[in-house]
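As structure tokens, the structure follows; a few thoughts come after it.
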Amino acid sequence: MSDAIIVDRGYRSYDGPRLGCRGAIAAIVRESVRRALGLRRKARRKILPWSLIAMAIISVAALIGLHWAAQRAGIGRLVASQLPGYGEYFDVISMIALLFIAFVTPQLLAPDRREGMLAVYFSRPLRPVDYLGAKFAGLGILVMGFYLVPEFVFHISLATLAPEGFFPYLGGNLDVLWQVTFVAFVYFIGYASVAFAVSVFVPRTGLAAGVFLGIMIILNQIVSAVVTLGTFPGSRYVALLALEEHPRIVRDWVFGITTGEYTARVAGFDPWVSLAVVGVLFVMIAVAVLGRYRRLT
Numbered sequence: 251m252s253d254a255i256i257v258d259r260g261y262r263s264y265d266g267p268r269l270g271c272r273g274a275i276a277a278i279v280r281e282s283v284r285r286a287l288g289l290r291r292k293a294r295r296k297i298l299p300w301s302l303i304a305m306a307i308i309s310v311a312a313l314i315g316l317h318w319a320a321q322r323a324g325i326g327r328l329v330a331s332q333l334p335g336y337g338e339y340f341d342v343i344s345m346i347a348l349l350f351i352a353f354v355t356p357q358l359l360a361p362d363r364r365e366g367m368l369a370v371y372f373s374r375p376l377r378p379v380d381y382l383g384a385k386f387a388g389l390g391i392l393v394m395g396f397y398l399v400p401e402f403v404f405h406i407s408l409a410t411l412a413p414e415g416f417f418p419y420l421g422g423n424l425d426v427l428w429q430v431t432f433v434a435f436v437y438f439i440g441y442a443s444v445a446f447a448v449s450v451f452v453p454r455t456g457l458a459a460g461v462f463l464g465i466m467i468i469l470n471q472i473v474s475a476v477v478t479l480g481t482f483p484g485s486r487y488v489a490l491l492a493l494e495e496h497p498r499i500v501r502d503w504v505f506g507i508t509t510g511e512y513t514a515r516v517a518g519f520d521p522w523v524s525l526a527v528v529g530v531l532f533v534m535i536a537v538a539v540l541g542r543y544r545r546l547t
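The numbering of the sequence shown is the numbering used here, which starts it at 251 and goes up by one.
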């Protein structure tokens with residue numbers, strides 16, 4: 251029998267700071283942001299997220315350019331009344347954000363389940379609620395940025411172009427800050443909650459994205475037809491299933507504008523009902539998703 255050979259591979263135990271659960275949560279948030287943006291991944295993984303980011307930048311740049319051109323031509327106030335304002339611009343950016351959420355959310359959840367990483371995560375001082383909260387926070391950082399950065403750039407640009415001056419415009423429009431932030435948060439909760447639920451129960455990333463977009467877009471048309479043609483008792487309550495429209499209704503309510511005839515409004519529901527639906531949906535999905543991951547562990 252030959253003598254055993256011991257080879258020094260340079261392994262050593264970890265002697266750095268023990269960050270505990272908070273450190274693990276922060277690491278998952280950072281990794282979620284990197285994965286969503288395709289950082290440290292193949293080039294093809296960067297194409298879609300960065301294309302959508304470019305679309306968001308182009309949209310606000312085009313809107314600012316129109317305001318600037320109108321200001322130079324001396325018709326700034328006339329043109330401004332015809333161009334999208336803070337509230338209306340959410341219609342533009344929300345469609346881009348909807349595609350971003352559809353693409354990113356399955357990427358954050360499905361690979362860990364498919365590759366057996368959950369057992370590794372939960373072997374540490376990390377609970378399912380911590381893991382899911384970190385994933386949702388990572389998604390929230392990106393999606394809120396999608397909404398807020400273009401809106402605030404738009405706000406600063408309008409202040410720069412304002413005839414009354416930069417600071418007087420900002421001082422006279424302080425309410426825009428809370429309105430934009432609140433509406434962006436409602437959009438995020440309303441859309442990301444559904445995307446999270448779909449991504450948890452649908453195993454494939456592409457299929458999950460398709461199912462989510464189907465729920466948010468096609469379901470609106472079905473619900474509208476049922477509410478319009480339905481004669482059965484309680485048919486008006488079907489309008490509450492038009493999930494994609496609820497953030498829009500809240501947006502109109504907050505900004506005091508009317509951008510369309512939304513199904514829930516046609517059915518006679520007040521705007522606060524749409525806000526309540528978004529909140530209740532978030533709680534229901536959170537309970538269902540947490541229960542699912544507890545069973546997986």
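A virtual CB, placed ideally from N, CA and C, is assigned to each residue, including glycine.
Would you mind working out which of the options sits nearest residue i, comparing C-alpha positions?
i, options, result
"ASP502", "SER282, TRP522, ILE391", "TRP522"
"ARG486", "ILE275, MET534, ALA514, LEU427", "ALA514"
"MET466", "PHE340, ALA306, MET345, LEU289", "MET345"
"GLY464", "LEU348, ALA323, ALA306, MET305", "LEU348"
"GLU511", "SER301, VAL528, ALA489", "ALA489"
"ALA459", "ILE351, GLU495, ILE297, ARG295", "ILE351"
"ALA387", "PHE438, GLN332, THR547", "PHE438"
"VAL527", "LEU546, VAL539, LEU493", "LEU493"
"GLY440", "LEU491, ALA412, SER282, ARG280", "LEU491"
"GLU495", "VAL436, VAL537, PHE396, ALA320", "VAL436"
"ALA412", "VAL448, TRP318, GLY480, GLY395", "TRP318"
"ASN470", "ARG498, LEU457, GLY529", "ARG498"
"LEU302", "GLY480, PHE396, GLY422, VAL537", "PHE396"
"ILE507", "ARG545, ALA538, GLN429", "GLN429"
"VAL448", "ALA538, ARG291, GLY415, LEU427", "ALA538"
"MET394", "GLY415, ILE468, LEU457, VAL283", "VAL283"
With a Cβ-Cβ cutoff of 8 Å, do residue i and residue j count as a contact?
i, j, result
"LEU389", "VAL354", "yes"
"GLY337", "PHE446", "no"
"SER443", "LEU359", "no"
"PRO356", "THR455", "yes"
"ILE308", "ALA384", "no"
"VAL473", "VAL461", "no"
"LEU392", "ALA286", "yes"
"ASP424", "CYS271", "The identity of residue 424 in the sequence shown is Leu, whereas the question assumes Asp. Not a contact, by the Cβ cut-off of 8 Å."
"ILE278", "TYR381", "yes"
"THR547", "PRO334", "no"
"THR509", "ASP341", "yes"
"LEU408", "THR431", "no"
"LEU540", "VAL500", "no"
"ALA306", "PRO418", "no"
"ALA517", "VAL476", "no"
"VAL450", "ARG364", "no"
"GLY288", "ARG295", "yes"
For the alpha helix (DSSP H) that contains residue i, what are its first and last residues?
i, result
"ASN423", "No alpha helix (DSSP H) holds ASN423; DSSP gives it neither H nor E."
"ALA319", "294-322"
"VAL388", "Reading the sequence as shown, one finds Gly at residue 388 and not Val. Its alpha helix (DSSP H) spans residues 378-411."
"TYR512", "It is not in any alpha helix (DSSP H) - TYR512 carries neither H nor E in the DSSP assignment."
"ARG454", "First-last for ARG454: undefined, no H or E at that position."
"GLN332", "Unbroken run through GLN332: none, as it is neither H nor E."
"PRO497", "496-505"
"ARG285", "270-287"
"VAL488", "Unbroken run through VAL488: none, as it is neither H nor E."
"PRO521", "521-546"
"ALA475", "469-479"
"ALA369", "368-371"
The region 368-377 / the region 473-492 touching (three or more Cβ pairs under 8 Å): no
Touch check for the region 400-408 and the region 293-313: three-plus C-beta pairs under 8 Å? yes
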